[in-house]
């Protein structure tokens with residue numbers, strides 16, 4: 340297990356920007372609105388080696404919510420205990436704490452309150468580095484020194500926005516961690532599983548069921564999850580990562596930049612994933628959001644398990660076969676995807692969903708030999724070839740599978756225009772019946788045969 344470095348502080352001191360700076364990419368959503376970060380957002384960061392030319396040292400950096408986020412009448416004040424529970428868990432599990440303050444704002448009463456909490460909760464158990472953020476130039480350094488009054492030594496001065504002082508902080512982190520234990524690189528995850536759906540579909544509850552703990556905040560309050568949170572879990576002794584994503588709404592319903600960035604990260608999570616779980620609230624009608632997400636999954640050629648959550652609440656209002664017919668009609672294009680009925684709250688059939696995802700991942704990574712591809716193409720065209728108003732014959736000269744994830748089939752033909760979108764769908768559906776890709780998307784590419792000067796045409800493998 341990698342050493343854990345927890346970033347804590349009051350709201351709006353730049354904790355999320357600090358994580359992004361250390362990660363070298365945008366992991367956490369950065370916005371001046373207090374309360375954007377609620378869950379523990381993590382990223383594995385490589386640090387300088389102990390000796391020149393030695394292996395990199397790795398740690399897991401954890402961005403946490405701000406202490407005192409919901410002190411007013413905001414509807415999200417009910418999440419205060421949940422957010423502070425997540426912060427407390429990060430503190431309890433950390434080997435190093437980065438206490439972040441805003442150099443330009445000066446020391447505030449809430450900073451002093453966080454300092455008191457750290458002294459009480461950490462009590463010398465792990466080191467604390469005081470980090471003064473927003474030191475954008477030398478003009479702010481004098482202000483940053485005021486933070487030394489908090490009792491955690493002189494601050495390390497950085498500007499997460501401009502990356503000023505980044506390497507001073509990186510070296511300080513490497514020096515502060517106890518590296519006596521044998522360190523390892525991050526465990527390779529065997530499958531990246533994105534969990535997407537509309538608001539309140541049960542994604543966070545499902546993620547917690549996979550993790551076996553309250554890893555992310557699960558609430559009936561719509562829009563609780565803002566960031567896309569990578570959660571590591573094990574299944575049958577194997578390592579996987581689930582991405583808990585923010586609930587998506589219609590574009591016209593998006594109210595602010597935070598919701599826009601949340602939606603953007605959800606769509607990015609689909610692109611990152613090996614397999615996607617499309618979580619549908621079985622107690623609600625299929626919405627435009629469900630259809631939008633299914634479109635993104637199809638566009639990305641991602642294997643997908645459709646999880647009908649909250650089935651325990653449906654009761655006698657619908658039979659499974661009846662609902663499946665409804666689902667097939669509403670989510671067109673995903674007819675080949677496996678469907679499972681679950682109750683994430685009761686932990687019903689959650690592991691079965693992971694087993695299905697593993698099966699899809701294996702299918703998507705399967706490579707088929709040229710002989711088997713040729714036989715499948717011949718059978719499909721002999722059953723029904725493309726139609727041509729001019730009576731032109733179709734010739735296929737070569738078939739190959741250049742790639743997996745998704746399985747990609749390339750046909751070199753005499754006239755690509757004969758292969759209409761309708762006929763390509765017909766071929767893909769038949770590929771699923773004849774080849775080991777029954778439940779995953781297949782990418783079909785039609786190309787014209789490449790001529791070589793005036794050489795004699797080669798013989799096609801099939802002609803209809």
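In the numbering used here, the protein residues as written are 340 to 803.
Glycine is no exception: its CB is placed at the ideal position from the N, C-alpha and C atoms.
{"query": "Based on the DSSP output, what are the partners of residue 739 in its beta bridges?", "result": "749"}
{"query": "Could you tell me the alpha carbon to alpha carbon distance between residue 497 and residue 766, rounded to whole angstroms?", "result": "58 Å"}
{"query": "Quick one: what's got a C-beta closer than 6 Å to residue 770's C-beta in the same chain, skipping five residues either side?", "result": "781"}
{"query": "Are the stretch 510-521 and the stretch 540-549 touching, with three or more C-beta to C-beta distances below 8 Å?", "result": "no"}
{"query": "Give me the DSSP bridge partner(s) of residue 399.", "result": "343, 383"}
{"query": "Between the beta-carbon of residue 544 and the beta-carbon of residue 647, is there less than 9 Å?", "result": "no"}
{"query": "Figure out for me which residue from 458, 465, 503 has the closest Cα to the Cα of residue 489.", "result": "458"}
{"query": "Mark residue 786 as exposed unless 16 or more other C-beta atoms lie within 10 angstroms of its C-beta, in which case mark it buried.", "result": "exposed"}
{"query": "By DSSP, does residue 770 sit in helix, in strand, or in coil?", "result": "helix"}
{"query": "Do you know whose CA, among 712, 402, 583, 442, lies nearest residue 484's CA?", "result": "442"}
{"query": "Could you check whether residue 630 and residue 669 sit closer than 9 Å to each other, using their CB atoms as the reference points?", "result": "yes"}
{"query": "Per DSSP, which residues does residue 496 bridge with? Please list them.", "result": "471"}
{"query": "Mark residue 595 as exposed unless 16 or more other C-beta atoms lie within 10 angstroms of its C-beta, in which case mark it buried.", "result": "For residue 595, the predicted model reports a pLDDT of 47, less than 50, meaning its position is unreliable and no value from the coordinates is stated."}
{"query": "Let me check one thing: in DSSP terms, what residues is residue 648 bridge-paired to?", "result": "620"}
{"query": "According to DSSP, which residues form a beta bridge with residue 657?", "result": "DSSP, once it has assigned bridges, lists no residue as partnering residue 657."}
{"query": "Compute the distance between the beta-carbons of residue 292 and residue 532, then report whether it is under 9 Å.", "result": "Here the chain has residues from 340 to 803 only, and residue 292 is not among them."}
{"query": "Cβ-heavy atom distance between residue 464 and the ligand MG below 8 Å?", "result": "For the ligand MG, the structure offers nothing, since it holds no ligand at all."}
{"query": "Give me the Cα-Cα distance between residue 605 and residue 777, rounded to the nearest whole angstrom.", "result": "26 Å"}
{"query": "For residue 800, would you say it is in contact with chain C, using Cβ-to-Cβ distances shorter than 9 Å as the test?", "result": "Among the chains in the structure shown there is no chain C, since it carries only a single protein chain."}
{"query": "Let's test the definition: count the other Cβ atoms within 10 Å of the Cβ of residue 649 and tell me whether it reaches 16, buried, or not, exposed.", "result": "buried"}
{"query": "Residues in its own chain within less than 7 Å of residue 554 by CB, not counting five upstream and five downstream?", "result": "546, 547, 570"}
{"query": "Please report how far the alpha carbon of residue 434 lies from the alpha carbon of residue 585, in whole angstroms.", "result": "29 Å"}
{"query": "Below 8 Å on the Cβ atoms is my guess for residue 349 versus residue 447; work out the distance and round it to an integer in Å.", "result": "7 Å"}
{"query": "Could you tell me the distance, in whole angstroms, from the CA atom of residue 325 to the CA atom of residue 657?", "result": "With the chain covering 340 to 803 only, the question about residue 325 has no answer from this structure."}
{"query": "Which residue from 753, 712, 745, 703 puts its Cα closest to that of residue 727?", "result": "753"}
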